[in-house]
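Residue numbers (this note's numbering): 23 to 188. All remarks here apply to the structure that follows.
Structural data, given as structure tokens:
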């Protein structure tokens, strides 16, 4: 993997859906990634899913689709498989986040006292954790393509939409 120019910051491209789910956002994201790579840019992907499960490993494949296992052993959304097959990207656990995983991290921090007894809320604590997950990609590539699963109108997805708005 080539590193981006030191004077360049990673550009973030967000892919969201309209009012229907399962219309091919993942394949569109993978194709965009392949086009960007063909122009000499380095790319990576991240899939943000609004369901409460920590990962898709225990989900019914007839409801959610099959699980894609990355080289680091992470059980992830099947879209990560599309991303890897269409491009040279090598993905892992940091490339797939669910609401459940984000909430688990925030609740663990609260239990350890990291919020100093303050009230833990969706804004700013959950959205800050989402932003931290996204920003860990900054500087590693020219373009990071971030797909938010589901539809833009899903209540479950609002913290992700708010995080990217910020």
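Built from N, CA and C at the ideal position, the CB exists for glycine as well.
By the C-beta density criterion, residue 82 is exposed, having fewer than 16 other C-beta atoms within 10 angstroms. In this structure residue 38 is not in contact with residue 163, their Cβ atoms being roughly 20 Å apart against a cut-off of 8 Å.
Collapsing the DSSP output to three states places residue 82 in coil. If you look at residue 129, you'll find it in the alpha helix (DSSP H) that goes 121-133. Segment contact: the segment 79-93 against the segment 122-135, fewer than three CB-CB distances shorter than 8 Å; contact not assigned. Following the DSSP letters along the chain, one finds residue 173 in no alpha helix (DSSP H), marked with neither H nor E. Residue range 47-60 is occupied by the alpha helix (DSSP H) that includes residue 49. DSSP places residue 71 outside any alpha helix (DSSP H); the residue lies instead in the beta strand (DSSP E), whose first and last residues are 65-71. Taking the CA atoms as reference points, residue 106 sits about 9 Å from residue 92. In chain order, 185 place their CB closer than 6 Å to the CB of residue 153, counting only its own chain and leaving out the 5 sequence neighbours on each side. In the three-state DSSP reduction, residue 88 falls in the coil class, being neither helix nor strand. At a Cβ-Cβ threshold of 8 Å, residue 111 and residue 182 do not count as neighbours. Secondary structure of residue 33 (DSSP, three-state): strand. Membership of residue 106 in the alpha helix (DSSP H) is indicated by the continuous run 101-108. Residue 38: not part of any alpha helix (DSSP H); DSSP gives it neither H nor E. If you compare the alpha carbons of 165, 53, 34 with that of residue 108, the shortest gap goes to 53. The Cβ neighbour count for residue 146, taken over all protein chains shown within 10 Å, is under 16; the residue is labelled exposed.
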